[in-house]
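Numbering (my numbering), first residue to last: 40 to 147.
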């Protein structure tokens with residue numbers, strides 16, 4: 040079982056229905072590809088609700104492409120963790136995982 044270790048959680052108004060375990064941008068929406076994230080959604084939220092976001096610590100994130108333990112990760116256009124190649128990286132994968140699985144990410 041993978042465990043989270045949040046150090047700091049904040050909230051932001053969800054501009055759309057949002058699922059748990061996705062990278063969230065500074066505007067509260069699902070993070071765009073290769074951009075800096077506010078953090079990771081810590082729960083599901085409906086449009087207009089307050090969305091809890093883990094901004095520091097270790098968070099569990101849905102995977103968009105196969106990841107190897109220790110690699111830098113960024114977001115794809117669906118807010119999932121993918122290997123970092125360009126833009127901003129968000130953290131490091133603490134596990135190896137396949138697409139549509141979940142991985143622990145140490146947020147930077």
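From the three backbone atoms N, C-alpha and C, an ideal C-beta is built for every residue, glycine too.
Asked: Residue burial classification, residue 146 (beta-carbon count within 10 angstroms, cutoff 16); Found: buried
Asked: Residues bridged to residue 130 (per DSSP); Found: 112, 146
Asked: Assumed close pair residue 107, residue 73 - CB separation to whole angstroms, cut-off 8 Å; Found: At roughly 19 Å, the Cβ-Cβ gap does not stay under 8 Å, so residue 107 and residue 73 are not in contact.
Asked: Nearest residue (CA-CA) to residue 79, options 119, 140, 135; Found: 119
Asked: Start-end ranges of the alpha helix (DSSP H) lying completely within the segment 78-105, minimum 4 residues; Found: none
Asked: Cβ separation of residue 50 and residue 104, assumed to be a contact under 8 Å, to the nearest whole Å; Found: Incorrect: roughly 29 Å between the Cβ atoms, too far for contact.
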